[in-house]
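2 protein chains.
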Amino acid sequence: MRENNVSGISPPDPARLSLNQITINHQTLLEAVDLCVKQGVKWIAPWRNRIHEIGLTRAAQLLRESGLRVSSLCRGGFFPAATAAQRLERIGDNRKAVDEAAEIGAPLLVLVCGGAPDRDIDGARQMVADGIAALEPYARERGIRLGIEPLHPMFAADRSVIVTLGQALDLALRFEAGTVGIVADVFHLWWDPELYSQIDRAAGRIFGFHISDWAVPLPGILAGRSMLGDGVIELRRIRAAIQTAGYLGPIEVEILNEQIWASPPEATLATLKARYQEFA
Amino acid sequence: MRENNVSGISPPDPARLSLNQITINHQTLLEAVDLCVKQGVKWIAPWRNRIHEIGLTRAAQLLRESGLRVSSLCRGGFFPAATAAQRLERIGDNRKAVDEAAEIGAPLLVLVCGGAPDRDIDGARQMVADGIAALEPYARERGIRLGIEPLHPMFAADRSVIVTLGQALDLALRFEAGTVGIVADVFHLWWDPELYSQIDRAAGRIFGFHISDWAVPLPGILAGRSMLGDGVIELRRIRAAIQTAGYLGPIEVEILNEQIWASPPEATLATLKARYQEFA
Numbered sequence: 000m001r002e003n004n005v006s007g008i009s010p011p012d013p014a015r016l017s018l019n020q021i022t023i024n025h026q027t028l029l030e031a032v033d034l035c036v037k038q039g040v041k042w043i044a045p046w047r048n049r050i051h052e053i054g055l056t057r058a059a060q061l062l063r064e065s066g067l068r069v070s071s072l073c074r075g076g077f078f079p080a081a082t083a084a085q086r087l088e089r090i091g092d093n094r095k096a097v098d099e100a101a102e103i104g105a106p107l108l109v110l111v112c113g114g115a116p117d118r119d120i121d122g123a124r125q126m127v128a129d130g131i132a133a134l135e136p137y138a139r140e141r142g143i144r145l146g147i148e149p150l151h152p153m154f155a156a157d158r159s160v161i162v163t164l165g166q167a168l169d170l171a172l173r174f175e176a177g178t179v180g181i182v183a184d185v186f187h188l189w190w191d192p193e194l195y196s197q198i199d200r201a202a203g204r205i206f207g208f209h210i211s212d213w214a215v216p217l218p219g220i221l222a223g224r225s226m227l228g229d230g231v232i233e234l235r236r237i238r239a240a241i242q243t244a245g246y247l248g249p250i251e252v253e254i255l256n257e258q259i260w261a262s263p264p265e266a267t268l269a270t271l272k273a274r275y276q277e278f279a
Numbered sequence: 000m001r002e003n004n005v006s007g008i009s010p011p012d013p014a015r016l017s018l019n020q021i022t023i024n025h026q027t028l029l030e031a032v033d034l035c036v037k038q039g040v041k042w043i044a045p046w047r048n049r050i051h052e053i054g055l056t057r058a059a060q061l062l063r064e065s066g067l068r069v070s071s072l073c074r075g076g077f078f079p080a081a082t083a084a085q086r087l088e089r090i091g092d093n094r095k096a097v098d099e100a101a102e103i104g105a106p107l108l109v110l111v112c113g114g115a116p117d118r119d120i121d122g123a124r125q126m127v128a129d130g131i132a133a134l135e136p137y138a139r140e141r142g143i144r145l146g147i148e149p150l151h152p153m154f155a156a157d158r159s160v161i162v163t164l165g166q167a168l169d170l171a172l173r174f175e176a177g178t179v180g181i182v183a184d185v186f187h188l189w190w191d192p193e194l195y196s197q198i199d200r201a202a203g204r205i206f207g208f209h210i211s212d213w214a215v216p217l218p219g220i221l222a223g224r225s226m227l228g229d230g231v232i233e234l235r236r237i238r239a240a241i242q243t244a245g246y247l248g249p250i251e252v253e254i255l256n257e258q259i260w261a262s263p264p265e266a267t268l269a270t271l272k273a274r275y276q277e278f279a
């Protein structure tokens, strides 16, 4: 852990902390909910696979009865595919994700847009735009917001051809302000020379905010994220800029890291609460 | 290997192919030179550590007598450091690199600018700008060009805070057109939504062009590059755009890959010559 060298900015409101469920990836939804309740975390962001595991009705009931608020559902997207039939199937699955979000009380579906299926990144980007256009009316009618999450460029081939905040915002701005926006994740965006100007430009379209850290050496690619304070990301500065742009909603801690997954989840949650106060 | 789906663009001139020495990382400079001569590759880009291994005078003589042309020297840069004394030491080492480039007949020193030494990416970027400003007169007087190479954003923490072509170009444009420019490497740049507009904008400032490929899954981070044609990069389209922007110089094949390093170098060179014709 490094010292936090940002001064003059207050720590974030503890009531905004949300546990993105993948941070404790070996626990079921029931276990994750239980942990949040016990440790006083007010928000949770469940993943679809963990909802399917216990069934949508039971998951919705569990979340309702827990008193927790749901910050988002992870995740929809993955629009590009080789054939029109496959792309239609993806839209169908995204509609199902919208229904699930509505059922569990999540106001937001996070979109990881999908990679380049072949050597044609422009084509894949068009498929993403077409996919969101096809999904948007369905989401709007059900009151679910769509959050385009730009991923780090190291995922451009296999997970998201949307790789910068500016690009995600250009796409979101084609749609109504109430329905399509962006999800800003510091791990994906911290390197961008245009980060702060694009955060300003994103005012009114920021639907979600995710935090973790970038340690050197990176512990992996997909599972390459670290505990808050263990890396080089200026978490507090970015959080303050996001707040200045008008976003005052939940702050999801989303860490994909094998070592953290192998640790006792109680300890992970306790650590991230403390680090959130110190670094976020 | 995937099929090349770009049509209507001629293959590149074989006489432009340059072997970046790190592609056959287990060979000495003598072995690399010998291999190029035997297989009819006209250009080579040596690395400093391989020059130091045999001594500068001997390296210069070897290259001169081989008849090969030197496309660039790899590499200078790494400007950010914690203290002013350390930063001055880095400038000193870069001046030494300029001298070495002059001695071996390399017209270009490639700059890998350095990462963020602490949680302050803006500060590191300023150190890079200051470092290039300190180095530029020395290089100009000796007729050596400086090529700022933007690295993939996954290297922002430890290798280069300069991560996009647009950002590298903004920096280069502060200096005289003849001395400071950019080196475009497809592995670092292929994901950028602004790639083609920035290539157009870079006309007159493109000092070097590097190729390799991005395979899925990525075989590593530092050694994450693949043989031409084994990944998703639109090599031919990018090469054509670079050419349209006026760059007609050597095309360096620079592949960092453990499996390729473990292969017989003769076979590697034969494969890359064929793949260069088919994909670049």
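Chains as they are written, first to last, in numbering that gives the first Met the number 0: chain A, 0 to 279; chain B, 0 to 279.
Where a beta carbon is used, it is the ideal one built from N, C-alpha and C, also for glycine.
Could you tell me which chain B residues have their CB closer than 7 Å to the CB of Ala156 (chain A), listed as they occur along the chain?
As a working mapping, residue 156 (chain A) is identified with position 157 in the first sequence. Within 7 Å Cβ-Cβ: Trp213, Val215, Val231.
When you compare only the Cα positions, how much space is there between Asp199 (chain A) and Ala244 (chain A)?
On the first sequence, residue 199 (chain A) is found 200 positions in, with the first residue counted as 1. On the first sequence, residue 244 (chain A) is found 245 positions in, with the first residue counted as 1. Cα to Cα, Asp199 (chain A) sits roughly 6 Å from Ala244 (chain A).
Going by Cα to Cα distance, which pick from B:Glu277, B:Val109, B:Glu257, B:Ala279 is closest to Asn24 (chain B)?
Looking up residue 24 (chain B) in the second sequence gives position 25. Residue B:Glu257 is the option with its Cα nearest to Asn24 (chain B).
For Ser235 (chain B) and Tyr275 (chain B), I'd like the C-alpha separation in whole angstroms.
Counting from one through the second sequence, the residue named residue 235 (chain B) turns up at place 236. Counting from one through the second sequence, the residue named residue 275 (chain B) turns up at place 276. With the sequence shown as reference, residue 235 (chain B) is identified as Arg, and Ser is not the correct amino acid for it. Near 9 Å, if we compare the C-alpha coordinates of Tyr275 (chain B) and Arg235 (chain B).
Got a sec? Which residues, its chain only, sit under 8 Å from Val32 (chain A) by beta carbon, not counting five neighbours each side?
By 1-based counting over the first sequence, the position of residue 32 (chain A) is 33. Excluding sequence neighbours, Val32 (chain A) sits near Ile43, Leu61, Leu62, Ser65, Leu67.
So if DSSP puts Val231 (chain B) in a beta bridge, which residue, or which two residues, is it bridged to?
Within the second sequence, residue 231 (chain B) is the residue found at index 232, counting from 1. According to DSSP, which records beta bridges pairwise, Val231 (chain B) is partnered with nothing at all.
Name the chain A residues that come within less than 7 Å of Gln166 (chain B), Cβ to Cβ?
If you number the second sequence from 1, residue 166 (chain B) lands on position 167. Under the 7 Å cutoff, chain A gives Pro192.
Going by the beta-carbon positions, is the gap between Gly177 (chain B) and Ser71 (chain B) smaller than 7 Å?
Within the second sequence, residue 177 (chain B) is the residue found at index 178, counting from 1. Within the second sequence, residue 71 (chain B) is the residue found at index 72, counting from 1. No, these two residues do not count as a Cβ contact at 7 Å.
Please check the pair Tyr195 (chain A) and Ala167 (chain A), which I expect to be a contact at CB under 8 Å, by giving their CB distance rounded to whole angstroms.
Walking along the first sequence from the start, residue 195 (chain A) turns up at place 196. Walking along the first sequence from the start, residue 167 (chain A) turns up at place 168. Contact between Tyr195 (chain A) and Ala167 (chain A) is absent: CB atoms are separated by about 15 Å, not below the 8 Å threshold.
Considering only C-alpha positions, which residue in the set A:Phe77, A:Cys35, A:Leu28 is nearest to Arg313 (chain A)?
What the structure shows of chain A is the stretch from 0 to 279, and residue 313 (chain A) is not part of that stretch, so it cannot be assessed.
Thr267 (chain A) versus chain B: which residues are under 8 Å apart at the beta carbon?
Mapped onto the first sequence, residue 267 (chain A) falls at position 268. Per Cβ cutoff of 8 Å: no residues; Thr267 (chain A) is ~22 Å from chain B at best.
Distance check for Ala123 (chain A) and Pro292 (chain B), CA to CA, integer angstroms please.
Here chain B covers residues 0 to 279 and nothing more, so residue 292 (chain B) does not appear.
For Cys35 (chain A) and Pro45 (chain A), I'd like the C-alpha separation in whole angstroms.
The sequence position of residue 35 (chain A) within the first sequence is 36, counting from 1. The sequence position of residue 45 (chain A) within the first sequence is 46, counting from 1. Cα to Cα, the separation comes out at about 12 Å.
Counting only the same chain and skipping the five closest in sequence on each side, list residues whose C-beta sits under 7 Å from that of Pro116 (chain B).
Locating residue 116 (chain B) in the second sequence gives position 117, counting from the first residue. So the qualifying residues of the chain are Pro79, Ala80, Ala81, Ala123.
Let me know if Ser9 (chain A) comes out buried or exposed under the rule of 16 or more other beta-carbons within 10 Å of its beta-carbon.
Here residue 9 (chain A) is taken as the residue at index 10 of the first sequence, counted from 1. Exposed, since its Cβ has fewer than 16 Cβ neighbours within 10 Å.
Under three-state DSSP, which class holds Cys35 (chain B)?
The residue you call residue 35 (chain B) lines up with position 36 of the second sequence. Helix at Cys35 (chain B).
Go to Glu135 (chain A), then tell me how far its beta strand (DSSP E) extends in each direction, as first and last residue.
Along the first sequence, read from residue 1 onward, the residue named residue 135 (chain A) stands at position 136. Here Glu135 (chain A) belongs to no beta strand (DSSP E); instead the alpha helix (DSSP H) covers 120-140.
Starting from the N-terminal side, write out each stretch of the alpha helix (DSSP H) that is 4 residues or longer and does not extend beyond the stretch 135-178 of chain B.
164-171
Who does Ser17 (chain B) pair with in a DSSP beta bridge?
If you number the second sequence from 1, residue 17 (chain B) lands on position 18. Beta-bridge pairing links Ser17 (chain B) to B:Trp42, B:Glu251.
Rounded to the nearest angstrom, what separates Ala128 (chain B) and Ile21 (chain B) at their Cα positions?
Stepping through the second sequence from its first residue, residue 128 (chain B) is reached at position 129. Stepping through the second sequence from its first residue, residue 21 (chain B) is reached at position 22. Going from the Cα of Ala128 (chain B) to the Cα of Ile21 (chain B) covers about 27 Å.
Using only alpha-carbon positions, find the residue among B:Glu148, B:Gly104, B:Arg15 that is nearest to Gly76 (chain B).
By 1-based counting over the second sequence, the position of residue 76 (chain B) is 77. For the residues B:Glu148, B:Gly104, B:Arg15, the minimum Cα distance to Gly76 (chain B) belongs to B:Glu148.
Here's the rule: buried if 16 or more other CB atoms are within 10 angstroms of the residue's CB, otherwise exposed. What is Asp92 (chain B)?
What you label residue 92 (chain B) is simply residue 93 of the second sequence in a count that begins at 1. Exposed, by the Cβ-count rule.
Counting only beta-carbon separations shorter than 7 Å, does Val162 (chain A) have a partner in chain C?
Looking at the structure shown, chain C is missing, and the protein chains on hand are A and B.
Determine whether the beta carbon atoms of Asn19 (chain A) and Glu253 (chain A) lie at a separation below 7 Å.
As a working note, residue 19 (chain A) is residue 20 in the first sequence. As a working note, residue 253 (chain A) is residue 254 in the first sequence. Against a cut-off of 7 Å, the Cβ pair of Glu253 (chain A) and Asn19 (chain A) comes out as a contact.
Give me the Cα-Cα distance between Ala269 (chain A) and Ile210 (chain B), rounded to the nearest whole angstrom.
In the first sequence, the residue the question calls residue 269 (chain A) occupies position 270. In the second sequence, the residue the question calls residue 210 (chain B) occupies position 211. Looking at the two C-alpha atoms, the distance is approximately 46 Å.
Please classify Ile103 (chain A): does DSSP put it in a helix, a strand, or coil?
If you number the first sequence from 1, residue 103 (chain A) lands on position 104. Helix, per DSSP.
Which class does Val215 (chain A) belong to by DSSP, given the choice of helix, strand or coil?
Reading the first sequence from its first residue, position 216 is the one you call residue 215 (chain A). DSSP places Val215 (chain A) in coil when its eight states are reduced to three.
List in chain order: all unbroken beta strand (DSSP E) runs of 3+ residues lying wholly within the stretch 56-80 of chain B.
Counting only runs of 3 or more, we get 72-76.
Can you pull the chain A residues whose beta carbon is under 7 Å from the beta carbon of Ala115 (chain B), in chain order?
The count along the second sequence starts at 1 and reaches residue 115 (chain B) at position 116. Ordered by position in chain A, the residues that pass the 7 Å Cβ test against Ala115 (chain B) are Val231.
Which whole-angstrom value describes the C-beta separation of Leu107 (chain B) and Arg144 (chain B), a residue pair presumed to lie in contact below a C-beta threshold of 8 Å?
Here residue 107 (chain B) corresponds to residue number 108 of the second sequence, with the count starting at 1. Here residue 144 (chain B) corresponds to residue number 145 of the second sequence, with the count starting at 1. So it is a contact: roughly 5 Å between Cβ atoms.
If I measure Cβ to Cβ from Gln38 (chain A) and keep anything under 8 Å in the same chain, skipping five residues before and after, which residues do I get?
Residue 38 (chain A) sits at position 39 when you count from the first residue of the first sequence. Once the five neighbours on either side are set aside, the close Cβ partners of Gln38 (chain A) are Glu265, Leu268, Ala269, Lys272.
Pull the bridge partners of Leu110 (chain B) from the DSSP assignment, please.
Along the second sequence, read from residue 1 onward, the residue named residue 110 (chain B) stands at position 111. Answer is B:Gly75, B:Ile147, bridged to Leu110 (chain B).
Could you give the distance in angstroms between the alpha-carbon of Leu217 (chain B) and the alpha-carbon of Gly223 (chain A)?
Position 218 of the second sequence, counted from the start, is the residue given in the question as residue 217 (chain B). Position 224 of the first sequence, counted from the start, is the residue given in the question as residue 223 (chain A). For Leu217 (chain B) and Gly223 (chain A), the distance between alpha carbons rounds to 13 Å.
Please report how far the alpha carbon of Leu55 (chain A) lies from the alpha carbon of Glu102 (chain A), in whole angstroms.
On the first sequence, position 56 is the one that residue 55 (chain A) refers to. On the first sequence, position 103 is the one that residue 102 (chain A) refers to. Those two C-alpha atoms are separated by around 8 Å.
Would the beta-carbon of Val69 (chain A) fall within 7 Å of that of Gly104 (chain A)?
Residue mapping note: residue 69 (chain A) aligns to position 70 of the first sequence, counting from 1. Residue mapping note: residue 104 (chain A) aligns to position 105 of the first sequence, counting from 1. Yes, the Cβ-Cβ distance between Val69 (chain A) and Gly104 (chain A) is below 7 Å.
In three-state terms, what does DSSP make of Asp12 (chain B)?
The residue labelled residue 12 (chain B) in the question sits at position 13 within the second sequence. In the structure shown, Asp12 (chain B) sits in coil (DSSP, three-state: anything other than H, G, I, E or B).
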